[in-house]
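Residue numbers (the UniProt record's numbering), protein chains in the order written: chain R, 1 to 243; chain C, 1 to 243.
Just so it is clear, CB atoms sit at the ideal spot from N, CA and C, and this is done for glycine as well.
2 protein chains.
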Amino acid sequence: MNDTNDFLYPEKWLSKASTGERVACELRMRIISGLIESGTTLSENKLAAEYHVSRSPIREALKVLSNENLIRLERMGAVVVGLTEKEIEEIYDVRLLIETFVFERLVKNDTTQVVRELTKILEMMQIAIKYKDADEFALQDVLFHETIIRSIDHSYITMIWNNTKPVMESFILLSMRMHFNEKYDDLSRIMKNHELYIDAISSKNREIMIQSLHQNFDDVQGKVDDLWMSQQMLSKAREQEKE
Amino acid sequence: MNDTNDFLYPEKWLSKASTGERVACELRMRIISGLIESGTTLSENKLAAEYHVSRSPIREALKVLSNENLIRLERMGAVVVGLTEKEIEEIYDVRLLIETFVFERLVKNDTTQVVRELTKILEMMQIAIKYKDADEFALQDVLFHETIIRSIDHSYITMIWNNTKPVMESFILLSMRMHFNEKYDDLSRIMKNHELYIDAISSKNREIMIQSLHQNFDDVQGKVDDLWMSQQMLSKAREQEKE
DNA sequence: ACTATAATACTTGTATACAAGTATACTCGT
DNA sequence: ACGAGTATACTTGTATACAAGTATTATAGT
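Here it is, written out as C-alpha cells:
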C-alpha cells in the first residue's frame with residue numbers, strides 16, 4: 001500500500017475544508033502532476049485505506065474530480081483521465097472565452113473598485129516574489145482572475161469558473177513551484193502582463209485587453225511545455241525505480 | 001409531511017439512474033417550476049423522509065443542485081436559490097457563448113456528419129409535434145444542442161454543457177408542457193429556427209448562424225415570460241389553498 | 001489442452017450509526 | 001417581567017454495514 005505522507009496541496013489552504021475536499025485537492029494535485037498516471041483505475045476502498053478515511057469523503061472527492069473531467073466514473077472504479085496538452089489548451093480556451101465575455105460586461109460599468117482590488121493583488125504577488133513564495137504567488141495569480149470574473153456577478157459565469165478553477169489552480173501551483181527560482185524573466189513577464197490587464201480594464205480598452213490575453217496565452221504555452229517535460233521526467237524516474 | 005407521489009420529471013428518462021440522480025431531477029423540477037419557493041431551506045433529514053430514502057442519495061442530489069446554482073449549501077440546511085428571470089438570461093448567455101465558440105470550430109471541419117444527425121433529430125421533433133408529445137419534443141430539442149456542442153469534442157466545453165444542461169432541460173421541459181397544445185405558431189417558429197441553424201452549419205455561414213441564435217433568444221424571452229407567469233399563478237394558487 | 005460453469009473476491013449504491021457543532025427554547029435567578 | 005445560561009432538538013460530516021451486481025479465477029468436464 002502506497003501511503004506516502006507528504007501532501008502536494010498546501011495544507012494552510014485547507015483550514016476549513018472537509019475531509020472530502022482535502023482528498024479531492026490532494027488527488028487533483030497527484031493527477032495533474034502526473035504522480036498518478038493516466039489510465040490508472042482508482043478504487044474507493046483502496047483510496048479510503050490509503051488516506052485513512054472512510055469511503056464517504058472519498059466518494060465525494062471522486063464526484064468532484066469527475067466534474068472537473070480529471071477522472072471518469074465507470075462501473076468498476078474511476079479511471080484517471082489526467083491533463084493532456086490538449087486539455088490544458090482547452091481549459092485556457094474556456095478562460096479566454098469567459099474573460100472576454102466578462103470584459104465586455106465590465107466596460108459597461110464603473111471599474112474603479114475592481115481595479116483597486118486587482119492592484120492590491122498585484123502588490124501581494126510582488127511580495128510573494130520577494131520572499132520566493134511560489135504557492136502564495138500562485139494563489140494570488142488565481143485570485144486575480146477570480147476577482148475579475150466574480151466582479152460582474154453573473155451566476156453562470158461564476159459557475160463555470162468554480163468548475164475550472166481547481167484544475168487551473170493546481171496547474172499554476174505546480175508550474176510555479178517548478179521554476180519560481182530559476183526563471184525570473186517569466187515572473188516579471190507575468191507581472192507586466194497583469195499590469196497590462198489592469199490597464200485594459202481601467203482604460204476600458206479592448207485592444208490592450210486582447211493583447212494581454214494573447215501574452216498570457218503565450219506564457220501558458222511555456223507552462224504547458226514545462227509541465228509536460230516534468231511529467232516525462234517523472235515517468236522516467238518511475239521507470240528507473242522499477243528496475 | 002408533504003409527500004406527494006406525483007413526479008414532475010419523466011420517469012422513463014430515469015431508467016438507469018441512481019436514487020440520487022432521481023431525487024436531483026425531481027428536486028430540480030420542483031425548484032424551477034416554482035413548486036419549491038426560493039428562500040426555502042431544505043433539510044437532508046426531511047427530504048430523506050419525504051422521498052423515503054436515506055440521506056446518502058439526498059446528499060448526492062444536493063451537491064448536484066448546488067453545482068447548478070439552484071441551491072446554496074450553508075451551515076444549516078440548503079437554501080433554495082431558484083431561477084429568477086436574470087438567471088435564465090444568464091444561462092442563455094452561456095449557451096450563446098459556447099455555441100458561438102463551437103460554431104467557429106465546426107466550420108473548420110467537415111460538417112456533413114453533424115448535419116445528418118441534426119436533421120434526424122429535427123425529424124424526431126416533427127413526430128413529437130404530430131403526436132403532441134411535449135416531453136419528447138423537449139428532449140429532442142435539448143439533444144439537438146447537445147449534438148452540436150459535443151461534435152467538436154472539447155472536454156471543457158462539454159463540461160460546461162454538462163453543468164448547464166440539467167437546468168436547461170428542466171426549463172425547456174416545463175415551458176413546452178405549458179403551451180405545447182396552445183401555441184402552434186411557437187412550435188413552427190422553433191422548427192424553422194432549428195432548420196436555420198442546420199443551414200448555418202452546413203453552409204458554414206456565420207451570418208445565418210447569428211440570425212438563428214438571435215431568433216432563439218427571442219423565443220426564450222417569450223418562454224421566460226411564460227414561466228414567470230406560471231410561477232406567479234402557482235404561488236397565487238398556493239395562497240388560496242392556505243385560506 | 002481448452003471451454004464452460006461455478007465460486008470468490010472485488011466493485012458500487014444505499015442505509016444506518018455516531019460524533020461534533022449550532023440554533024432554539026426553556027428554565028432559573030434577579 | 002426580563003436576561004443569562006443551560007438543555008434540547010435540530011443540523012451536517014464521517015464511519016460503518018449491508019445488498020446487489022460484476023470481473024476474475026478456479027475447477028470440472030470433455
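**Study point:** Nonlocal neighbours in the same chain, by C-beta distance under 6 angstroms from valine 107 of chain C, ignoring five residues either side
**Key:** Within the same chain, valine 107 of chain C has close Cβ partners Lys204.
**Study point:** Inter-residue spacing [alpha-carbon to alpha-carbon] between serine 212 of chain C and leucine 196 of chain C
**Key:** 6 angstroms
**Study point:** the region 23-41 of chain R / the region 54-69 of chain R touching (three or more Cβ pairs under 8 angstroms)
**Key:** yes
Point to revise | Reduced DSSP category for asparagine 148 of chain C - H, G, I as helix; E, B as strand; rest coil | key: One point to set straight first is that residue 148 of chain C is isoleucine, not asparagine, in the sequence displayed. Note: isoleucine 148 of chain C maps to helix in three-state DSSP.
Point to revise | As assigned by DSSP and simplified to three states, the class of arginine 72 of chain C | key: strand
**Study point:** Span separating the alpha-carbon of residue 285 of chain R from that of valine 94 of chain R
**Key:** Outside the displayed range of chain R (1 to 243) lies residue 285 of chain R, so it cannot be described from this structure.
Exercise for review: Leaving aside the five residues before and after threonine 147 of chain C along the sequence, list all residues of the same chain whose C-beta is less than 8 angstroms from its C-beta, in chain order.
Suggested key: Val114, Glu117, Leu118, Ile121
Check your understanding: If you run the structure through DSSP and keep just helix, strand and coil, what is valine 81 of chain R?
Key -> coil
Review point. Short check: CB of serine 66 of chain R to CB of lysine 86 of chain C, under 9 angstroms?
Key: Going by beta carbons, serine 66 of chain R and lysine 86 of chain C fall outside the 9 angstroms limit.
**Study point:** Within-9 angstroms CB hit, threonine 158 of chain C to chain R
**Key:** yes
Point to revise | Residue burial classification, asparagine 171 of chain C (beta-carbon count within 10 angstroms, cutoff 16) | key: Reading off the sequence shown, one finds phenylalanine at residue 171 of chain C, where the question assumed asparagine. That one is buried.
Review point. Residues in its own chain within less than 8 angstroms of lysine 63 of chain C by CB, not counting five upstream and five downstream?
Key: Cβ neighbours of lysine 63 of chain C beyond the five flanking positions: Leu73.
Check your understanding: Which full runs of the alpha helix (DSSP H) of 4+ residues lie inside the region 94-130 of chain R, going along the chain?
Key -> The qualifying runs are 112-130.
Check your understanding: Is proline 213 of chain C helix, strand or coil by DSSP?
Key -> The sequence shown places leucine at residue 213 of chain C, rather than the proline named in the question. Reduced to three states, the DSSP call for leucine 213 of chain C is helix.
Check your understanding: CB-CB under 6 angstroms to aspartate 135 of chain C, same chain, minus the five flanking residues each way: which ones, in chain order?
Key -> These residues qualify, in order along the chain: Pro10.
Check your understanding: If you measure from the beta carbon of lysine 63 of chain R to each beta carbon in chain C, is any gap under 9 angstroms?
Key -> yes
Practice item. Compute the distance between the beta-carbons of glycine 77 of chain R and leucine 42 of chain R, then report whether it is under 9 angstroms. Key: yes
Practice item. Please state if the CB of isoleucine 160 of chain C and the CB of asparagine 193 of chain R are separated by a distance shorter than 9 angstroms. Key: no
Check your understanding: Under a CB-based cut-off of 9 angstroms, is serine 18 of chain C close to chain R?
Key -> Closer than 9 angstroms: no.
Exercise for review: Answer with buried or exposed for lysine 12 of chain R, where buried requires no fewer than 16 other C-beta atoms within 10 angstroms of its C-beta.
Suggested key: exposed
Check your understanding: Residues bridged to threonine 41 of chain R by DSSP?
Key -> R:Val79
Review point. Among C:Tyr92, C:Asp133, C:Met125, which residue has its Cα nearest to the Cα of arginine 140 of chain C?
Key: Rather than arginine, the amino acid found at residue 140 of chain C in this sequence is glutamine. Considering only alpha carbons, the answer is C:Met125.
Review point. Is lysine 86 of chain C close to chain R, meaning its C-beta is less than 9 angstroms from at least one C-beta of that chain?
Key: yes
Point to revise | Straight-line Cα distance separating leucine 97 of chain R from leucine 14 of chain C | key: Roughly 33 angstroms separates the two Cα atoms.
Point to revise | C-beta contact flag for leucine 27 of chain R and valine 167 of chain R at 9 angstroms | key: no
Practice item. Measure the C-alpha to C-alpha separation of threonine 40 of chain C and threonine 84 of chain C and round it to an integer number of angstroms. Key: 15 angstroms
**Study point:** phenylalanine 101 of chain R classed as buried or exposed, judged by whether at least 16 other C-beta atoms fall within 10 angstroms
**Key:** buried
Check your understanding: Given a limit of 8 angstroms on CB to CB distance, which residues of the region 90-117 of chain R reach chain C?
Key -> Glu90, Ile91, Asp93, Val94, Leu97, Ile98, Phe101
Check your understanding: Which residues in the same chain as alanine 128 of chain C place their Cβ atom closer than 7 angstroms to its Cβ, once the five residues preceding and following it in sequence are excluded?
Key -> Glu136, Phe137, Gln140
Review point. Shortest alpha-carbon distance to isoleucine 33 of chain R belongs to which of R:Met178, R:Tyr92, R:Arg189, R:Ile149?
Key: Note that residue 33 of chain R corresponds to serine in the displayed sequence, not to isoleucine. Comparing Cα-Cα distances from serine 33 of chain R to each of R:Met178, R:Tyr92, R:Arg189, R:Ile149, the minimum goes to R:Met178.
Exercise for review: Output the boundary residues of the alpha helix (DSSP H) element that contains proline 10 of chain C.
Suggested key: No alpha helix (DSSP H) contains proline 10 of chain C, which DSSP labels as neither H nor E.
Check your understanding: Taking the C-alpha atoms as reference points, what is the distance between arginine 105 of chain R and arginine 150 of chain R?
Key -> 11 angstroms
Point to revise | Contacts around valine 142 of chain C, its chain only, beta-carbon distance under 8 angstroms, and the 5 residues preceding and following it disregarded | key: Lys165, Met168, Glu169, Ile172
Review point. Methionine 1 of chain C: buried (16+ other C-beta within 10 angstroms of its C-beta) or exposed?
Key: With a pLDDT of 41 at methionine 1 of chain C, under the threshold of 50, the modelled position of that residue is not reliable, and the figure given next carries that caveat. Exposed: under 16 other Cβ atoms inside 10 Å.
Check your understanding: How big is the Cα-Cα spacing for leucine 174 of chain R and serine 38 of chain R?
Key -> Rounded to whole angstroms, the gap between the alpha carbons of leucine 174 of chain R and serine 38 of chain R is 17 angstroms.
Point to revise | Closest residue to aspartate 219 of chain C among C:Arg206, C:Ala17, C:Met191 (Cα-Cα distance) | key: Distance check between aspartate 219 of chain C and each of C:Arg206, C:Ala17, C:Met191 places C:Met191 closest, using alpha-carbon atoms only.
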